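Take a look at the structure below.
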Amino acid sequence: MGKNSYKAQLNYYDSKWGWKSEGTASQGQWDGTGVRTGVLYFPGLAALKGKIINSVKLTATTGQTGYGTATTKTVYIYNSASQGGIKTSLNAGHRTGNALGSCKAPMWDNTKTFDVAFMAASIAAGHDTYCIYNGSSYTDYLKWTAVTLEVDWQEPATQPSLSISTVEMGKSVTINTPAVNSAYRHTLRYAFGSASGTIATGIASSVSWTPPVSLANQIPSATAGSGTIYCDTYSGSTLLGTKSVSITLTIPGSVVPSAGTLSGTLAEDTSGTGLYVKGMGKAKLTLSGASGAYGSSITSYTITGGGWTATNGALTTGTLASAGNITFTATVTDSRGRKASTTRTISVIDYTKPGVAVCDVYRCDADGNRKKAGTYFAVEINASYSAITGNILNITARYKKQSESSYGTAMNVTNNGKTVLGGGNIGASTTYDVLVTVADKYNSLSIPRTLSTKSVLQSFKRSAGAAIGKVAELANWLDIAWHTRVRGTVQADSYTPVNRDDASSNPIVFVPRVTYGTLGLTGSSGSEYFKQWLIWVCKAYPNKHMLLCIGTQHPNSVGIVLCHIYNTSAVNAAGLPEYATGKYFALGGGEIAFGTVDYNFYLK
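Structure follows, in C-alpha cells:
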C-alpha cells in the first residue's frame, strides 16, 4: 500500500492537421477549423491494476485558453482506445466509451489540482492512457503543458473460495485463500447462527476445515442452515481487509432423536399370576427418556402394536385376546422432522377354558364293572385345562334323584381315569341326575348326565304311570327308555326339550304350533309371521346355543319347519337373533327360506 505520483507524456490530435508532438495536450478549436483531442499517458500507472484505489488527484499546468477573457473551462476525461503510450495510429478514434468525469476551473497559465476519484475504477482496471475532449467550440479550447496523477492505493484483501458450497457437518471442506501477494497471510473465521470461532491463522493459500456436528444446535428445527466464512488478510501484522464467502451446512442423517425406552407392565390382571395371560389382563406400554439431538425437541409420539395405537407416551391395550408374542413400536419425531423408534415385545400365555373330550357316566358294581342294575355309578372323564402358573383342575360329581330339587355333596373325580361313586346307594328302580363339574381357577363347565333305572320290558306305576324298557317312576307319564319309531301320526300339544350335551348347548326343541294370535299378528304375511316367530322362539328358549327347532308352524298351510338359531341370547333391540337359518316345507309342495344375518331378517 502507498501513495504514488505519475507524470504524463502529452500529445494531441487535430482533426484538420493530425497528430502533433509538442508535449502538450489540447482540446477544442484553435483556429476555428480543426477539433483537438488531448492524450495523456502515465508511465507505470498500469502497475496499480487490481489494487484498491483510495483516492486520485490530478494536477494540471495550463497554457493557452480559448479566445476572449473567459478562462473557466470544462475538461472531460475519457479512457483512451489505445493503452500503454501516446499513439499516432488511431487518428480520430483515440477516445473510447463515455466520459469518466470532468474537471472545471479557470485555467490560463496557472496550475490547478482536481479530485478525480472517478478515475479510480479505471486505474484499478489497469488503464494508463487517457484523453481530454470537450466538443468543437473554440471557447472550450485549452492547452495543458504538464499533468501529474497522485494515487493513494492499497493491496486488496483476499477473496476466499470453497471447494464445495454445501458441506455436511463432520465432513471436511477446503477453504482457498488466493492472495495477490505470496507474502500475505490469512486468518479464517466462521459464523453460524449465534456460534462463531476461528478456523485457522497464518494461512498462506488454503486450509481444510471440518465443521463440528455441534453446530447443529444452531438449527433445532431445520436440517440445513447458512453461515459465513470470513478471511482477514494481513501484511505482516497489518490488516489489509476482510472478505467473506457463504457456506451451507447440513446435519448428518445420523443425527436423529433418541427414542428412549419402551417398558411394559401388566394392567387389570384378573389371572392373579402377574403374567400376560390371554383373556385375563391388559398391557400398559410406557415410553420414557425420549429426547431430541443437538438442540431439537420431540414434537410427537406414537405407540403401536397388536392393533392398538396411542399418540402420546403411553398405551393401554384392550383385553389381550390372543396368545403369543406382541411387538409394540414407539416412534418419536423431533422438530427437524426426523424419527427414531424403539420396540418392546411381550409374551402372552395361552389360556382356554376347561374342556372335556370324554365324559361317560354309567351304573356299575363296587369294582366299577358296568351293571344295568348297579347300585354304584362310575365317572370316566378326559378333561383339559390351561396349566398356567397357579392354575389347577378340579373335577367333582354330585347326584340326586330326578324327583329331587337339589344335588347332594360334591365328590372328587379323577381325571383320565375311572371314579366309582354312590356307595351302593343308587337304587336300581330310581332315575338319578348326575352333575359333573370341571373347574379351574377361573372358569367351570357343568356336564349333566342321567342314570336310568334298571332295564325291564314293561313297568307300571300304581299312580297311573307306565314305562317301557325301564322302571316306571312318573305319574301320568309313559316313560320309554328305548329308541321309538311311530308309524302313524303324532300330535304334540306341548313340548319337551331334548339336550345333546347340556342345558345351554346343542339342544333340539320340538316347538308347538305358534299361531298369529300368539304372536299378536293379524293378516297373512308369511314374512312377518316367520320374523315374529324367530323373536318368540328366542324369548321362549333363552340362553340356547346352536338351537335346532322342529315343528309344525305356519297357520295358513300345513307343513314342517326346520330352523337353526346360532345363539338365542345374541339378539338385537327388536329381539331378532344375530344368525338364523330356516326353511318351511309345505306338504303340498314348495319351500320358503328365511333367517337372519347380522340381525337383518330375510325371506326368499
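End of the sequence shown = 597 in the numbering used here, gap-free, step of one.
Don't be surprised by glycine CBs; every beta carbon is placed ideally from N, CA and C.
Keep in mind the model is a prediction, meaning the values are calculated, not measured.
Query, Result
"Option in Leu527, Val504, Ser520 with minimal Cα separation from Ile543", "Val504"
"Beta-bridge partners of Lys332, as assigned by DSSP", "Thr326"
"C-alpha distance - Gly220 paired with Ser247, whole-angstrom precision", "21 Å"
"For Thr477 and Ala316, the rounded distance between their alpha carbons", "48 Å"
"Cα-Cα separation, Leu83 to Ala74", "8 Å"
"Close beta carbons around Thr37, own chain, < 8 Å, minus the five adjacent residues each side", "For the record, residue 37 in the displayed sequence is Gly; it is not Thr. Excluding positions up to five away in sequence, the list reads Asn(-3), Tyr(-1), Asp121."
"Closest Cα partner of Ala197 within the set Asn169, Ala113, Lys524", "Asn169"
"Span of the beta strand (DSSP E), counted from its first residue to its last, around Tyr123", "122 to 126"
"Within 7 Å, strictly: CB atoms of Val599 and Val354", "Residue numbering for the chain in the displayed model covers -6 to 597; residue 599 lies beyond these limits and cannot be assessed."
"Leu255 vs Leu278 beta-carbon contact at 7 Å", "yes"
"Nearest-angstrom Cα separation, counted from Ile501 out to Gly588", "18 Å"
"Simplified DSSP assignment, three categories, for Ala470", "A small correction: the amino acid at residue 470 is Trp; Ala does not occupy that position in the sequence shown. It is coil, neither helix nor strand."
"Nearest-angstrom Cβ-Cβ length linking Lys275 and Gly311, presumed shorter than 8 Å", "7 Å"
"Supposed contact pair Asn593 and Ser562 - C-beta distance, whole angstroms, cut 8 Å", "About 18 Å; that fails the 8 Å criterion."
"Chain-order list of residues whose beta-carbon lies under 6 Å from that of Leu596 (same chain, five-residue window excluded)", "Ser520, Phe587"
"Proximity to Ala602 [Cα-Cα], best of Gly267, Ala283, Val270", "An answer regarding residue 602 cannot be provided, because it is not within the stretch -6 to 597 covered by the chain."
"C-alpha gap between Thr574 and Ile585, whole angstroms", "11 Å"
"Rounded straight-line distance, which links the Cα of Thr302 to that of Leu308", "7 Å"
"Beta-carbon spacing of Lys136, Thr17 below 7 Å", "yes"
"Proximity to Tyr183 [Cα-Cα], best of Asn318, Lys164, Asp225, Pro171", "Asp225"
"Under 7 Å between C-beta atoms of Lys44 and Trp202", "no"
"Arg480 - partner residues in DSSP beta bridges", "Arg480 pairs with nothing; no bridge assigned."
"Proximity below 7 Å, CB of Met631 to CB of Leu208", "Because the chain spans -6 through 597 in this model, residue 631 falls outside it and cannot be assessed."
"Residue closest to Val249, alpha-carbon to alpha-carbon, out of Thr263, Tyr287, Tyr227", "Tyr287"
"Between the CA atoms of Thr382 and Met404 - distance to the nearest angstrom", "25 Å"
"With 16 other Cβ atoms within 10 Å as the buried cut-off, status of Glu15", "exposed"
"C-beta atoms of Tyr344 and Ser377 nearer than 7 Å", "no"
"Close beta carbons around Asn436, own chain, < 8 Å, minus the five adjacent residues each side", "Lys346, Pro347"
"Residue of Ser19, Thr54, Pro149, Val32 minimising C-alpha distance to Lys42", "Pro149"
"Same chain only: Cβ atoms within 7 Å of Phe185, ignoring 5 sequence neighbours per side", "Leu208, Gln211, Gly218, Gly220, Leu242"
"Reduced DSSP secondary structure (H/G/I, E/B, other) of Asp495", "Residue placement at Asp495 is poorly supported in this model, since its pLDDT is 46, which falls under 50; the coordinates are not used for a value here."
"Cα-Cα separation between Ile79 and Ala114, rounded to whole angstroms", "21 Å"
"Phe523, enclosing alpha helix (DSSP H) - first and last residue", "519 to 533"
"Closer than 6 Å: Arg329 CB and nearest the ligand SAM heavy atom", "As presented, the structure is devoid of all ligands, the ligand SAM included, so that no description of it is given."
"Member of Gln395, Gly401, Glu397, Ser396 whose CA lies at the smallest distance from the CA of Thr389", "Gly401"
"Under the three-state DSSP convention, the category Val206 falls into", "helix"
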